[in-house]
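Peer 1: I have a structure here, written as C-alpha cells, and I will follow up with some questions on it.
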Amino acid sequence: MSLLKAEDIAVHFGGVKAVDGVSFEVDEGEVFAIIGPNGAGKSTIFNLISRIYTMTRGKITFDGTDITRLPSHKVAPLGIARTFQNIELFDHSTVLQNLLMGRHTHRSTNFVEDILFLPKVRREEREHRKRVEEVIEFLELEAYRGKMIAGLPYGVRKVVEIGRALAMGPKLILLDEPASGLSVEESQEVAFWIEDMRRDMGLTVLMVEHDMKLVSAVADRVLAVNNGRPLALGTPAEVQSDPHVQAAYLGTPEEDAA
Amino acid sequence: MRIAFKTSYDTDIDFHEHWNNRFWIIALVVVMALLPFIVSEYYLAEVANTLIFSLAGMGLMLLVGHTGQVSLGHAAFLAIGAYTDAALMNAGWPFLIAFPVAGLAAGLFGALIAIPAVRLSGIYLAIATLAVFVIVEEIIILAEPITGGVGGLFAPTIEIFGLSFDRYANLSNFYWLCLVIVVLVTLGYSNLMRSSTGRSFLAVRDSEVSARALGIDVTRTRALAFGLSCAVTGLAGALMGHFIGFFNYELFSIFISINLLLVVTIGGLGFIQGAFLGAILITAMPQIIAILRDGLNATAGIDLGSIPGLDTIIFSLILITFIIYEPAGLYGRWLKMRVWWEIFPLARRDMFRRQKSYLKTERQK
Numbered sequence: 001m002s003l004l005k006a007e008d009i010a011v012h013f014g015g016v017k018a019v020d021g022v023s024f025e026v027d028e029g030e031v032f033a034i035i036g037p038n039g040a041g042k043s044t045i046f047n048l049i050s051r052i053y054t055m056t057r058g059k060i061t062f063d064g065t066d067i068t069r070l071p072s073h074k075v076a077p078l079g080i081a082r083t084f085q086n087i088e089l090f091d092h093s094t095v096l097q098n099l100l101m102g103r104h105t106h107r108s109t110n111f112v113e114d115i116l117f118l119p120k121v122r123r124e125e126r127e128h129r130k131r132v133e134e135v136i137e138f139l140e141l142e143a144y145r146g147k148m149i150a151g152l153p154y155g156v157r158k159v160v161e162i163g164r165a166l167a168m169g170p171k172l173i174l175l176d177e178p179a180s181g182l183s184v185e186e187s188q189e190v191a192f193w194i195e196d197m198r199r200d201m202g203l204t205v206l207m208v209e210h211d212m213k214l215v216s217a218v219a220d221r222v223l224a225v226n227n228g229r230p231l232a233l234g235t236p237a238e239v240q241s242d243p244h245v246q247a248a249y250l251g252t253p254e255e256d257a258a
Numbered sequence: 001m002r003i004a005f006k007t008s009y010d011t012d013i014d015f016h017e018h019w020n021n022r023f024w025i026i027a028l029v030v031v032m033a034l035l036p037f038i039v040s041e042y043y044l045a046e047v048a049n050t051l052i053f054s055l056a057g058m059g060l061m062l063l064v065g066h067t068g069q070v071s072l073g074h075a076a077f078l079a080i081g082a083y084t085d086a087a088l089m090n091a092g093w094p095f096l097i098a099f100p101v102a103g104l105a106a107g108l109f110g111a112l113i114a115i116p117a118v119r120l121s122g123i124y125l126a127i128a129t130l131a132v133f134v135i136v137e138e139i140i141i142l143a144e145p146i147t148g149g150v151g152g153l154f155a156p157t158i159e160i161f162g163l164s165f166d167r168y169a170n171l172s173n174f175y176w177l178c179l180v181i182v183v184l185v186t187l188g189y190s191n192l193m194r195s196s197t198g199r200s201f202l203a204v205r206d207s208e209v210s211a212r213a214l215g216i217d218v219t220r221t222r223a224l225a226f227g228l229s230c231a232v233t234g235l236a237g238a239l240m241g242h243f244i245g246f247f248n249y250e251l252f253s254i255f256i257s258i259n260l261l262l263v264v265t266i267g268g269l270g271f272i273q274g275a276f277l278g279a280i281l282i283t284a285m286p287q288i289i290a291i292l293r294d295g296l297n298a299t300a301g302i303d304l305g306s307i308p309g310l311d312t313i314i315f316s317l318i319l320i321t322f323i324i325y326e327p328a329g330l331y332g333r334w335l336k337m338r339v340w341w342e343i344f345p346l347a348r349r350d351m352f353r354r355q356k357s358y359l360k361t362e363r364q365k
C-alpha cells in the first residue's frame with residue numbers, strides 16, 4: 001500500500017523549473033531513495049513534501065490525506081519527520097532539549113498549564129523524556145545528552161538531527177543526505193540505523209543521497225532525477241545500469257564530442 | 001567539582017539538579033525578605049526599583065532572549081500597565097483585581113499588535129514596535145479623562161485586606177509586595193522554559209524552518225511570546241506607577257525601552273538570571289558613578305559634577321565595553337567564572353573562545 005503519493009508535482013521559480021512533472025509512490029515500510037546530480041531538484045522535492053515550497057502543479061497525498069495546500073506546521077502532526085541537508089538544529093540548546101523539541105506534536109498541555117507546571121505537565125514531561133531516552137539509546141548519543149549543539153562535531157550533529165526526527169515518532173521519515181560529510185564508519189552506522197528504523201520501528205524512509213554505496217545497501221527502490229525531470233525508477237541495480245542515469249552523471253559521448 | 005548523580009528523569013525536569021543550587025536560591029530569597037530589617041529606607045527603595053526593573057527585564061527577556069524578537073516599544077506596555085492599574089484603582093477597583101487586569105490588558109494589546117508584527121523580523125520589527133510606542137504615547141495624551149493627559153495621574157495607595165502598601169508610608173510592605181510578585185513571575189517563567197511552550201520559543205528563535213518541520217506554528221508561538229512578554233512588562237509598569245506615585249506620559253519614554261534592551265543584553269540574552277543582573281547593573285550604575293564622583297570631589301578636589309553629561313558618557317562607555325568584550329552578558333561571564341573555579345586548576349586559556357560555526361546557507365529556506 002502506498003503511504004506517500006506524489007502525482008505530477010512541479011515547482012517553477014520564475015523560469016527555472018526546479019521540479020517538473022515528477023511522480024512516485026512510496027510504499028509503507030519501504031526505503032525509497034531519490035538520487036541525482038547537484039541541482040537536480042532532490043531537496044526541492046523534500047521541501048514540497050514538508051510544504052516549505054508551494055507546488056506550481058500536482059498533488060501530494062500522505063496516508064490518504066491531501067497535503068498539497070496544508071500549512072507547513074500541519075505536516076508534522078500527520079507523521080512526517082525530516083532532517084535537513086545543512087543541519088537545522090537549535091544551536092543554543094542542549095542535545096536533550098533538541099530531542100525534546102521533536103516531541104512537540106505530542107504535547108497536550110497549553111501555556112497556562114505549563115506556566116503553573118501542573119502535575120499533568122510533569123507527567124507529560126516524564127513521558128517525553130522517556131521517549132527521548134529511547135532515541136538516545138538507539139543512536140548511542142548518551143555521551144552528548146547535556147552538551148550544547150554549538151560545540152558538537154559535524155558527525156554528531158547529523159545524528160542528533162536524525163534523533164530529533166525520530167523523537168517525533170513519525171510514520172515517514174525524510175532524510176536529506178544523511179551521509180554527506182560523514183566518514184566511512186559513520187555512514188556505515190547510518191546504513192545500520194536506516195535498516196533498524198524500518199525493521200524495528202516500522203518506519204518508512206524516504207531519502208536523498210549521493211553515496212551510491214549507502215543507497216545500494218539500504219534502498220528498496222530508487223528514483224533518479226535530473227533537471228527536475230524523472231530519469232529512471234527501479235531497484236538500485238536497475239537504476240545504476242540505466243543509460244539515461246549514466247549519461248546524466250557521466251555525460252554522453254556525443255556531448256563530449258560537441 | 002560537583003557531580004549530580006541522576007537517578008530519575010525528575011532530576012532533569014526539576015529546576016536544579018543539585019541540592020546545593022536550591023540552597024543558594026532559598027538563601028537569596030530569605031535574605032531579600034529580611035532586607036527591610038537590614039538596610040535603610042533609601043537603599044530599600046533602590047532595591048524595590050531594581051526589582052521592578054528586573055520584572056520588566058524578564059518581560060523583555062522572554063521576547064528578545066528566548067524568542068529572538070526585538071522590541072523598541074516596551075515602554076508602551078509599561079505605560080499601558082501603569083495607566084490601566086491606576087485608572088481602575090481610581091475607579092474604585094481593589095489592587096488585587098486591578099493589578100492582574102493591568103497585566104492582562106498589556107498582554108492582550110501586545111498579542112493584538114503581534115498578529116501583524118510577528119510577520120516582520122529583525123530591524124523591521126524594531127521599527128514597527130517603535131511605531132506602536134509612538135501611537136500609544138499619543139493615545140495616552142489624547143485620552144485625558146482616563147489618563148489625565150499631559151498633566152498626569154496619581155497612583156492611589158495600594159490596600160490589600162485593609163493593609164496599606166504605600167510606597168512612602170509603608171515602604172517595607174511595598175517592597176515585600178514587589179518581592180512576592182517578582183518571585184511568582186520568576187517561578188512561572190522558569191516553569192514555562194522547562195516545558196514544551198518554552199522549548200517552542202527557543203525553537204522559533206534558533207531555526208524557524210525546522211520549528212515548522214517539527215509542527216510548531218511559528219506565527220502563533222511568536223504572538224504568544226509577544227503577549228506574555230507584554231503582560232509581564234505591564235505588571236512591571238503598574239508597580240512602577242505606584243513606585244513613582246505621580247506620573248505622566250513622560251515617565252515612559254523611549255529611553256526606558258532602550259534601558260530595558262540594555263538590561264537584557266548586558267544581563268545575558270537567553271538567561272532569566274540575566275534580567276536580574278542587568279537590572280542591578282542598570283539601576284545601580286548611575287548611583288555608583290555619583291558616589292565615586294562625590295568621593296573624588298571630597299578627596300582630590302576635582303569637581304566632575306560641573307561637566308554636564310559626564311555621567312552619561314561613563315555609563316555608555318561601560319555598556320559599550322560590555323557589549324564588545326562579553327556578548328554573553330553578565331550571566332555568561334558568571335557561568336564561565338563558575339566553570340573555571342569548578343575545574344580549577346585545569347582551565348585552559350582558550351576554553352571559552354567563541355567558536356565560529358560553519359557557514360549556514362540559505363538553501364533550505
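Top to bottom, those sequences are chains R and C. Per full-length UniProt numbering, residue 1 is the first one in the first sequence, and the count goes up by one each step. Per full-length UniProt numbering, residue 1 is the first one in the second sequence, and the count goes up by one each step. Think of the CB as a built atom: it goes at the ideal place given N, C-alpha and C, for glycine as much as any other residue. Values in this document were obtained by computation on a predicted structure and should not be read as measured data.
(1) Going by DSSP, what residue range makes up the beta strand (DSSP E) through R/Ser-23?
(2) With a floor of 4 residues, list each alpha helix (DSSP H) that falls wholly inside the segment 153-240 of chain R, ordered by position along the chain.
(3) C/Lys-336 by DSSP, collapsed to three states: which one?
(4) Looking only at DSSP bridge pairs, what is R/Lys-5 linked to?
(5) So R/Ala-81 and R/Ile-149 are supposed to be a Cβ contact under 8 Å. How far apart are they, rounded?
(6) Nearest to C/Ile-13 by alpha carbon, out of R/Ile-136, R/Lys-130 and R/Val-215?
(7) Roughly how many angstroms lie between the CA atoms of C/Ser-8 and C/Ile-25, to the nearest whole one?
(8) With a cut-off of 9 Å, does the C-beta of R/Pro-77 fall near any C-beta of chain C?
(9) So with Cβ pairs under 9 Å, would you call C/Tyr-175 a contact of chain R?
(10) Along the alpha helix (DSSP H) that carries C/Ile-289, what are the first and last residues, could you check?
(11) Within its chain, find whatever has a CB closer than 6 Å to the CB of C/Ile-149; leave out the 5 residues flanking it on each side and keep chain order.
(12) Report the residue from R/Glu-142, R/Lys-42 and R/Glu-30 whose alpha carbon sits nearest the alpha carbon of R/Pro-230.
(13) Go to R/Ala-81, then tell me how far its beta strand (DSSP E) extends in each direction, as first and last residue.
(14) Can you tell me whether C/Phe-5 is buried or exposed? The criterion is at least 16 other CB atoms within 10 Å of its CB, across all chains shown.
(15) Return the chain-ordered list of same chain residues with a C-beta closer than 7 Å to the C-beta of C/Leu-96, the five sequence neighbours on each side being excluded.
(16) If you reduce the DSSP assignment to three classes, tell me which class C/Phe-154 lands in.
(17) Would C/Ser-229 and C/Gly-59 qualify as a contact pair, given that the criterion is a beta-carbon distance under 9 Å?
(18) Taking Cβ positions, are C/Gly-329 and C/Leu-269 nearer each other than 9 Å?
(19) Quick one: is R/Asn-226 buried, meaning 16 or more other Cβ sit within 10 Å of its Cβ, or exposed?
(20) Judging by CA-CA distance, which residue of R/Tyr-154, R/Thr-61 and R/Ala-191 is the nearest neighbour of R/Leu-3?
(21) Considering just the uninterrupted stretch of the alpha helix (DSSP H) at C/Ile-80, what are its terminal residues?
(22) Give me, in chain order, the residues of the same chain whose beta-carbon lies closer than 8 Å to that of C/Gly-309; leave out the 5 immediate sequence neighbours on both sides.
(23) Mind checking R/Gly-15: buried by the 16 CB within 10 Å criterion, or exposed?
(24) Mind checking whether R/Glu-161 and R/Leu-89 have CB atoms under 9 Å apart?
(25) For R/Val-184, which of R/Gly-155, R/Val-75 and R/Ala-18 has the nearest alpha-carbon?
(26) For C/Ile-146, which residues in the same chain have their Cβ closer than 6 Å to its Cβ, ignoring the five residues on either side in sequence?
(27) Between the segment 284-296 of chain C and the segment 77-92 of chain C, do three or more beta carbon pairs fall short of 8 Å?
(28) Pick out the complete alpha helix (DSSP H) segments inside the segment 141-228 of chain C, 4 residues or longer, and give them in chain order.
(29) Give me the residue from C/Arg-349, C/Pro-327 and C/His-66 with the minimum Cα distance to C/Ser-190.
(30) I'd like to know if R/Val-159 contacts chain C, where contact means its C-beta is closer than 9 Å to some C-beta of that chain.
Peer 2: In this structure, then:
(1) As a working mapping, residue 23 of chain R is identified with position 23 in the first sequence. Run containing R/Ser-23: 16-27, per the beta strand (DSSP E) assignment.
(2) Runs found: 154-167, 184-200, 212-218 and 236-240.
(3) Locating residue 336 of chain C in the second sequence gives position 336, where the first residue counts as 1. The DSSP-derived three-state label of C/Lys-336 is helix.
(4) Along the first sequence, one-based indexing puts residue 5 of chain R at 5. R/Lys-5 pairs with R/Glu-25 and R/Thr-61.
(5) In the first sequence, the residue the question calls residue 81 of chain R occupies position 81. In the first sequence, the residue the question calls residue 149 of chain R occupies position 149. Contact between R/Ala-81 and R/Ile-149 is ruled out by a C-beta separation of about 18 Å, above the 8 Å threshold.
(6) Working through the second sequence from its first residue, we reach residue 13 of chain C at position 13. If we check each option's Cα against that of C/Ile-13, R/Lys-130 comes out closest.
(7) For the purposes of this step, residue 8 of chain C is taken as the residue at position 8 of the second sequence. For the purposes of this step, residue 25 of chain C is taken as the residue at position 25 of the second sequence. Using only the alpha carbons, I get a separation of about 22 Å.
(8) Numbered from 1 along the first sequence, position 77 holds the residue referred to as residue 77 of chain R. Yes - at least one Cβ of chain C is within 9 Å of the one on R/Pro-77.
(9) In the second sequence, residue 175 of chain C corresponds to position 175, counting from 1. No, C/Tyr-175 does not count as interfacial toward chain R.
(10) Residue numbering aside, residue 289 of chain C sits at position 289 when the second sequence is read from its first letter. Looking at the DSSP string, the run of the alpha helix (DSSP H) that includes C/Ile-289 is 272-300.
(11) Translated into the one-based positions of the second sequence, residue 149 of chain C becomes position 149. Rather than Ile, the amino acid found at residue 149 of chain C in this sequence is Gly. Excluding residues within five positions, the ones whose Cβ falls inside 6 Å are Ile-141.
(12) The residue given as residue 230 of chain R occupies position 230 in the first sequence. By alpha-carbon distance to R/Pro-230, the top candidate from R/Glu-142, R/Lys-42 and R/Glu-30 is R/Lys-42.
(13) Working through the first sequence from its first residue, we reach residue 81 of chain R at position 81. For R/Ala-81, the enclosing beta strand (DSSP E) starts and ends at 80-82.
(14) Translated into positions along the second sequence, residue 5 of chain C becomes position 5. That one is exposed.
(15) If you number the second sequence from 1, residue 96 of chain C lands on position 96. For C/Leu-96, where only same-chain residues beyond five positions count, the Cβ hits under 7 Å are Ile-160.
(16) Working through the second sequence from its first residue, we reach residue 154 of chain C at position 154. Three-state result, C/Phe-154: strand.
(17) For this step, residue 229 of chain C is matched to residue 229 along the second sequence. For this step, residue 59 of chain C is matched to residue 59 along the second sequence. A distance below 9 Å separates the beta carbons of C/Ser-229 and C/Gly-59.
(18) For the purposes of this step, residue 329 of chain C is taken as residue 329 along the second sequence, with counting starting at 1. For the purposes of this step, residue 269 of chain C is taken as residue 269 along the second sequence, with counting starting at 1. Yes, Cβ-Cβ distance for C/Gly-329 and C/Leu-269 is below 9 Å.
(19) Translated into the one-based positions of the first sequence, residue 226 of chain R becomes position 226. That one is buried.
(20) The residue labelled residue 3 of chain R in the question sits at position 3 within the first sequence. Among R/Tyr-154, R/Thr-61 and R/Ala-191, the Cα nearest to that of R/Leu-3 is on R/Thr-61.
(21) Taking the second sequence and counting its residues from 1, the one referred to as residue 80 of chain C is at position 80. For C/Ile-80, the uninterrupted alpha helix (DSSP H) segment begins and ends at 74-90.
(22) For the purposes of this step, residue 309 of chain C is identified with residue 309 of the second sequence, where counting begins at 1. Cβ neighbours of C/Gly-309 beyond the five flanking positions: none.
(23) Here the question's residue 15 of chain R lines up with position 15 in the first sequence. R/Gly-15 is exposed by the Cβ-count criterion.
(24) One-based indexing of the first sequence puts residue 161 of chain R at position 161. One-based indexing of the first sequence puts residue 89 of chain R at position 89. For R/Glu-161 and R/Leu-89, yes; Cβs fall inside 9 Å.
(25) On the first sequence, position 184 is the one that residue 184 of chain R refers to. Comparing Cα positions, the closest option is R/Gly-155.
(26) Residue 146 of chain C sits at position 146 when you count from the first residue of the second sequence. Around C/Ile-146: Ala-87.
(27) Here the segment 284-296 of chain C makes no contact with the segment 77-92 of chain C; the two share fewer than three CB pairs at distances below 8 Å.
(28) For secondary structure counted as the alpha helix (DSSP H) over 4 or more consecutive residues, the segment 141-228 of chain C holds these complete runs in sequence order: 144-147, 171-193, 196-206 and 208-213.
(29) Looking up residue 190 of chain C in the second sequence gives position 190. Checking every option, the nearest Cα to that of C/Ser-190 belongs to C/His-66.
(30) Here the question's residue 159 of chain R lines up with position 159 in the first sequence. Taking Cβ atoms only, chain C never reaches closer than 9 Å to R/Val-159, which makes this a no.
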